[in-house]
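This report concerns only the one structure given below.
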Amino acid sequence: MPDIAAVKAALTAQRIETPSWGYGNSGTRFKVFAQAGVPRDPYEKLDDAAKVHEFTGVAPKVALHIPWDRVDDYTALGAHAKERGLELGAINSNVFQDDDYKLGSVCHPDPRVRRKATDHLLECVDIMDATGSSDLKLWFSDGTNYPGQDDIVGRQERLAEALAEVYERLGDDQRMLLEYKLFEPAFYTTDVPDWGTAYAHCLKLGPKAQVVVDTGHHAPGTNIEFIVAFLLSQGKLGGFDFNSRFYADDDLMVGAADPFQLFRILHEVAKNRGLEAETGVAFMLDQCHNIEAKIPAVIRSVMNVQEATAKALLVDLDALGEAQRSGDVLAANAALMDAYNTDVRPLLREVREERGLAPDPVAAYRASGWQEHIVADRVGGTQAGWGA
Ligand SMILES: [Mn+2]
């Protein structure tokens, strides 16, 4: 049986990075719903993220999105984070919200547009230098809508050229995380549609290029845990963008639609040493809270990852291995199901209390008065929002 002290130590050591955009207003392509008290700038987003860390104890890193989080002085933003016990995490580039990018960014047929897009990615590395961030997260909306619109292989070559230039610019302790997504906004071809394409580019680039798995970016029925296990075994899993999907890229709270899938993913992570810091797997959230209160939703999401991780850590790997070697299909499956069906909430409450945290982070947040404070205080100015 797993050693409970080791399980608790792994849960205490796990770090879950929250996204700056999860604190701002967001919506669908139909409507962005504003909420009272939402941050008006990246500094206020960090103030909210600090509350998530204060009550969970495992969320000190905050991912930024450029240009949504553009500031004049990134060193000052880094200092603001540090004062609140936070660090700035992955820098997410944005080459999808400009008229120039109608036909793509780094894969665009026009070299001028490709230059502009690549320059933005290089600027993101400059920002990483200032913030101390180690990860550049790349997601490209590039693709085509109609058969014949552009040359599929030609676009891959343009992509490879841009990636190589950015890769060369990375410092020794920096890496690029290449994210894939099946479709949307392009509907016919997407230039980085799947893990295989991302993996092939990363393999060619070198050890500082790794794949990021956004759990919402697959076709229905895709076995994400297989992808995770394979990438981990090849040293190419850079991290996760956790969220949850019922249909397409829903960006709902992680574990909402399918907590069993989240458990299966985290079982592969735990089993293949992905929870060990030196493996370098970044556990990031990439979610939008359109209709639910934002800060408690981020806290809930962190807890959902913790619960799935705790269950994964409770898998009796000795019993599992024994059953697998002897071909005992039912016993092997039972080893996973026993762990999945364990109520780990008492264990997590204990882990928190042992660290001096409240056992229920959502209740502690609600009792803290922070929500009332920001609603009263953040009046006037422009609220930060998705796409703003
Ligand atoms: Mn993502």
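The sequence shown begins at 2 in the working numbering and counts up by one.
All C-beta atoms, glycine included, are put in the ideal place defined by N, C-alpha and C.
Using C-beta distances below 6 Å, list every residue in its chain close to residue i, excluding the 5 sequence neighbours before and after it, in chain order.
i      : result
Pro20  : Ala64, Leu286 and Asp287
Ala389 : Low local confidence applies: a pLDDT of 46 at Ala389 is under 50, so the model's placement there is unreliable, with the coordinate-based value given in what follows. The answer is none, since no qualifying residue turns up.
Asn26  : Val33, Ala35, Val39, Gln384 and Gly386
Arg353 : Pro360
Pro221 : none
Tyr75  : Ile128, Ala131 and Thr132
Asp70  : Ser21 and Pro43
Ala118 : Val96, Ser106 and Val107
Glu269 : Glu226, Val229 and Ala230
Leu263 : Gly256 and Ala309
Gly28  : Phe34 and Asn291
Thr280 : Arg274
Quick check on residue i: buried or exposed, where buried means 16 or more other Cβ atoms within 10 Å of its Cβ?
i      : result
Gly398 : Since the displayed the chain opens at 2 and closes at 389, residue 398 lies outside it and no answer follows.
His374 : exposed
Ala307 : Here residue 307 is Gln; the residue named in the question, Ala, does not match the sequence. Flag for Gln307 reads buried.
Thr13  : exposed
Val154 : exposed
Ile266 : buried
Asn146 : exposed
Lys62  : buried
Asp48  : buried
Ala5   : The sequence shown places Ile at residue 5, rather than the Ala named in the question. Classification for Ile5: exposed.
Gln15  : buried
Ser245 : buried
Asn224 : exposed
Gly239 : buried
Lys138 : buried
Leu390 : Residue 390 is absent from the model: the chain starts at 2 and stops at 389.
Val345 : buried
Ala82  : buried
Asn291 : buried
Ala311 : buried
Met2   : exposed
With a threshold of 7 Å on Cβ separation, who are the neighbours of residue i within its own chain once the five nearest residues in sequence on each side are excluded?
i      : result
Val363 : Pro297, Ile300 and Arg301
Tyr168 : Met177, Leu206, Gly207, Lys209 and Ala210
His66  : Ser21, Trp22, Asn93 and Asn95
Asp151 : Pro110 and Thr145
Thr343 : Lys312 and Leu315
Are residue i and residue j closer than 8 Å when you measure CB to CB?
i      : j      : result
Glu45  : Arg379 : yes
Val8   : Pro43  : no
Ala359 : Leu314 : no
Ala230 : Phe247 : no
Ala187 : Gly149 : no
Asp111 : Gln157 : no
Glu411 : Ala283 : Any answer about residue 411 is impossible in this case: the structure gives the chain only from 2 up to 389.
Arg115 : Arg159 : yes
Val213 : Leu179 : yes
Gly275 : Leu233 : yes
Ala249 : Glu351 : no
Ala332 : Ala340 : no
Asp174 : Ser135 : yes
Asp329 : Cys289 : no
Gly382 : Arg41  : yes
Pro194 : Leu183 : yes
Leu78  : Leu89  : yes
Here's a check: name, in chain order, each residue in its chain whose Cβ is nearer than 8 Å to the Cβ of residue i, leaving out the five neighbours to either side.
i      : result
Met304 : Thr57, Leu349, Pro362 and Val363
Glu293 : Met254
Leu87  : Leu47, Ala50, Ala51, His54, Pro61, Lys62 and Val63
Phe261 : Tyr341
Ala161 : His202 and Lys205
Only counting runs of 3 or more residues, tell me where the beta strand (DSSP E) segments fall wholly within the region 279–360, in order along the chain.
Fully enclosed beta strand (DSSP E) runs of 3 or longer: 283–286.
In chain order, which beta strand (DSSP E) runs of at least 3 residues are fully inside the region 152–209?
Counting only runs of 3 or more, we get 176–180.
Which ranges does the beta strand (DSSP E) cover as unbroken runs of at least 3 residues, wholly within the region 210–289, from first to last along the chain?
For the region 210–289, whole beta strand (DSSP E) runs of length 3 or above, ordered along the chain, are 210–215, 238–243 and 283–286.
Within 7 Å of ligand 1: residues by beta-carbon to any heavy atom
A distance filter of 7 Å between CB atoms and the heavy atoms of ligand 1 selects the following residues in sequence order: Trp140, Glu180, Asp215, His218, Asp242 and Asp287.
With a floor of 4 residues, list each alpha helix (DSSP H) that falls wholly inside the region 42–78, ordered by position along the chain.
Residue ranges of uninterrupted alpha helix (DSSP H) with 4 or more members, entirely inside the region 42–78 and ordered along the chain, are 43–57.
Contiguous beta strand (DSSP E) assignments of at least 3 residues, all confined to the region 81–139:
Segments of the beta strand (DSSP E) lying fully in the region 81–139: 88–93 and 136–139.
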